[in-house]
Amino acid sequence: MVPRSSLIAAGRPMTSQSDPDFPASFLWGASTSSYQIEGAAREDGRGPSIWDTRCLMKDRVANGDTGDVACDHYHRYPEDIALMTRLGLKAYRFSVAWPRLLPEGRGQANEKGLDFYDRLIDGLLEAGIEPWLCLYHWDLPQALDDRGGWTVRDSAGWFADYAALAASRYGDRVKRWATFNEFGVFTMFGYAIDWGAPGITDRQAHLQAIHHVNLAHGDGVAVLRSLVRGASIGAVHNVQLVVPESETPENRAAAALLDEHWNLAFPEPQLRGHYPPLTAEAIAPYVQAGDMARIRQPLDWFGLNHYGPIFAKADPAMTWGYAWGAAPPDMPSTDIGWTIHPDAFRDTLTMLTRRYGLPIYVTENGCGGKDAPGPDGKVADPGRVAFLDAYVRSMQEAMAQGADVRGYFVWSLLDNFEWGAGYGNRFGIVYVDFATQRRIPKSSADWFAALVRAGRLP
Ligand code: IFM
25 MVPRSSLIAA GRPMTSQSDP DFPASFLWGA STSSYQIEGA AREDGRGPSI
75 WDTRCLMKDR VANGDTGDVA CDHYHRYPED IALMTRLGLK AYRFSVAWPR
125 LLPEGRGQAN EKGLDFYDRL IDGLLEAGIE PWLCLYHWDL PQALDDRGGW
175 TVRDSAGWFA DYAALAASRY GDRVKRWATF NEFGVFTMFG YAIDWGAPGI
225 TDRQAHLQAI HHVNLAHGDG VAVLRSLVRG ASIGAVHNVQ LVVPESETPE
275 NRAAAALLDE HWNLAFPEPQ LRGHYPPLTA EAIAPYVQAG DMARIRQPLD
325 WFGLNHYGPI FAKADPAMTW GYAWGAAPPD MPSTDIGWTI HPDAFRDTLT
375 MLTRRYGLPI YVTENGCGGK DAPGPDGKVA DPGRVAFLDA YVRSMQEAMA
425 QGADVRGYFV WSLLDNFEWG AGYGNRFGIV YVDFATQRRI PKSSADWFAA
475 LVRAGRLP
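Put into C-alpha cells, the structure is as follows:
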C-alpha cells in the first residue's frame, strides 16, 4: 500500500535512458487461459467448472455471455499457433482446464481431454514456441466446489493429484510450469467479493481459501519437482499498487487490508514463509503445524501480472470493510476505465527483485478496449500500442535499475471471455469476430511482432 501523495506524475510517458536492446535471451510471448478461449465446454467428456455454473446465474456475467464457445480454440488451435508463428512469439502461456482432464475433479481421467493438450503442446513445439503451462486459471471443477472447493483442506490434495496427472502426461515436453494464476484475484473475487466464481462473500471462507490454495501451491510444486525432470517452476501473482481513495484513516485501513489480500497473502508465505501481519492473525485458526514449510517450496521464477494501480475505500457493507474506490479524475485510463501508470510497473519490478530475489517473467500485461474493425476491415488500436509501448519502456527502465526481468507475455493473444464483463472488454492483440470466429491481427499485433523480431522498441 502506498500513500496517495506518492502517486505523482501518474501515467506520465517515460523517456527511457536504458539500452534500447533487450537481451537476445529475453522471452517474448503471449498468455491466454482455458475457460477464456477454449469453448467446447461440453465436448469430449469435459466436466462443468465453477465458471460454467456462474455463467448460468442471473446478472453475474454481462449480456448473459458464457464460455461455451469462446474463441473455439479447442478446435482452432492450429490456426492460433499459426498466428503465434506469424507474430514471432518465442513462448506461449496457456492454462489447462482441470475439468477437461478430470471431469469430476479427481478419480477417473478423461483421455480425450488429455489428448487435446498433447496436440496443443506438440503443435507449439513443432512451431518452435515454448509451452508455458499453468495448472489453474480459475476453472475449478464444479464437482469439487460441491465438496466445498477451496474452503476445505482436502483441496490441496485434489490439486496435487491433478498436478501429478498433468506432470506425468506432459512433463516430457513441457518444462515451464506455473501452479496458479493470480491467487489474490480469484480468492478475493470468489470468496469475499461476489465478482467471480463461486461467488461467496464470507470472511471465514476467504481465509480458508487463501490458506488451502497456498497449501495446494506448495504440494503442487513438490509434485512437479519430483515428476518433471528439468522443470522450471513458478507461480503467477497479481501485484499492483493499492492506494487509498482519499487520505482518511478509514480509507488507509481499507487499503492496507486490501493490499495484504491482493498483493501479499500468497508471495509472502510462498517465498518468505509467513503471512503478512493483518492476515496472519485472522488466518491462524486454519494453520496447522508444518503448513508454512509445506507452502514454502523453492521456486525458479516469479510470474508477475500487472495492469494499473487500484484505489481502495472503506465500505462497512462489504465482507472485509474495503471496496474498490475511484481513481483521481486526472489519472490516465484505458477505454474500459483501468488506470494507466507505467512508472508503477517499473517500481513494482524493482521492488519484487529486491524483495524476493527471483528472476521475473511478466506473465500478463495489456490493455482492455472496445476495438472494432474499421471500414477497411482492419482493426486499429493506437491506444493499446501506446499503452504497451509505455509499459515496455518502463520494464526496460526497471531492468536498467537492476530488476531481473527475463521475459514478457502480453495479455492477451486473442480477444476472449473477460469473466464478468463477458465479451465486451477486448484485451487481445488479435481481434476475434465472435460470430464468425475470424481472427484479425490488430495494429498492436504488428507493433508487438516488430518488437519481438528486433528485440527493441519499434
Ligand atoms: O482476463 C484476465 C485474466 O484472466 C487474468 N488477469 C487479468 C486479465 C484481464 O482482466
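If you read the sequence shown in my numbering, its first letter stands for residue 25, the second for the next number, and so on.
Just so it is clear, CB atoms sit at the ideal spot from N, CA and C, and this is done for glycine as well.
For the ligand IFM, a non-hydrogen atom lies closer than 7 Å to the CB of residue 206.
Placement of the Cβ of residue 388 at a distance of less than 7 Å from at least one heavy atom of the ligand IFM is found. Minimum Cα-Cα distance from residue 233 among the listed residues 242, 218, 210 corresponds to 210. Between residue 205 and residue 57, the C-beta gap is smaller than 8 Å, which places the two residues in contact. Rounded to the nearest whole angstrom, the C-alpha separation of residue 199 and residue 147 is 15 Å. The shortest CA-to-CA distance from residue 438 to any of 97, 479, 404, 339 is the one to 97. For the ligand IFM, a non-hydrogen atom lies closer than 7 Å to the CB of residue 451. Spanning the alpha carbons of residue 432 and residue 278 requires a straight line of approximately 32 Å. In this model, residue 195 and residue 105 are separated by some 20 Å (Cα to Cα). Inclusion of residue 453 and residue 441 in the CB contact set at 8 Å is not warranted, their separation being larger than that value. Measuring C-alpha to C-alpha distances from residue 349 to each of 343, 357, 336 identifies 336 as the nearest.
A distance below 8 Å separates the beta carbons of residue 423 and residue 429. Checking the DSSP bridge columns, you'll see residue 45 partnered with 480. Within 10 angstroms of the beta-carbon of residue 388 lie 16 or more other beta-carbons, which makes it buried. By DSSP's assignment, residue 205 forms a beta bridge with 260. Secondary structure note for residue 154: it is in no alpha helix (DSSP H), and the uninterrupted beta strand (DSSP E) holding it is 154-160. Every unbroken stretch of the alpha helix (DSSP H) spanning 4 or more residues and falling wholly within the region 42-84 is given here in chain order: 58-61, 74-80. In the structure shown, residue 307 falls within a helical segment according to DSSP collapsed to helix, strand and coil. Here the alpha carbons of residue 354 and residue 135 stand approximately 53 Å from one another. About 6 Å separates the beta carbon of residue 125 from that of residue 189, a gap short enough to meet the 8 Å contact definition. Listed in chain order, the non-local C-beta contacts of residue 447 below 7 Å within the same chain comprise 89, 441, 458, local neighbours out to five positions each way being set aside. Inter-segment contact for the region 224-243 and the region 287-298 is present: three or more beta-carbon pairs are separated by less than 8 Å. Residue range 115-119 is occupied by the beta strand (DSSP E) that includes residue 116.
With a 10 Å radius around the Cβ and a threshold of 16 neighbouring Cβ atoms, residue 323 comes out buried. Here residue 87 carries a helix assignment [DSSP, helix/strand/coil]. For the pair of segments examined, the region 302-312 was found not to touch the region 371-391: the number of CB pairs separated by less than 8 Å stays below three. Look at residue 75: its beta carbon is at least 7 Å from all of the heavy atoms in the ligand IFM. Within the DSSP secondary-structure output, residue 377 pairs in no beta bridge.
Between residue 283 and the set 132, 145, 274, 264, the nearest pair of CA atoms involves 264.
Between the region 359-368 and the region 393-403, the count of Cβ pairs shorter than 8 Å is three or higher; the stretches touch.
Taking the C-beta atoms as reference points, residue 384 is found no nearer than 8 Å to residue 344. A residue is called buried once 16 or more other Cβ atoms fall within 10 Å of its Cβ, and residue 478, having fewer, is exposed. For the pair of segments examined, the region 172-187 was found to touch the region 242-259: the number of CB pairs separated by less than 8 Å reaches three.
Straight across, the Cα-Cα distance linking residue 329 with residue 386 is about 6 Å. Assigned with DSSP and collapsed to three states, residue 225 falls in coil, not helix or strand. The three-state reading of DSSP puts residue 335 in strand, counting E and B together.
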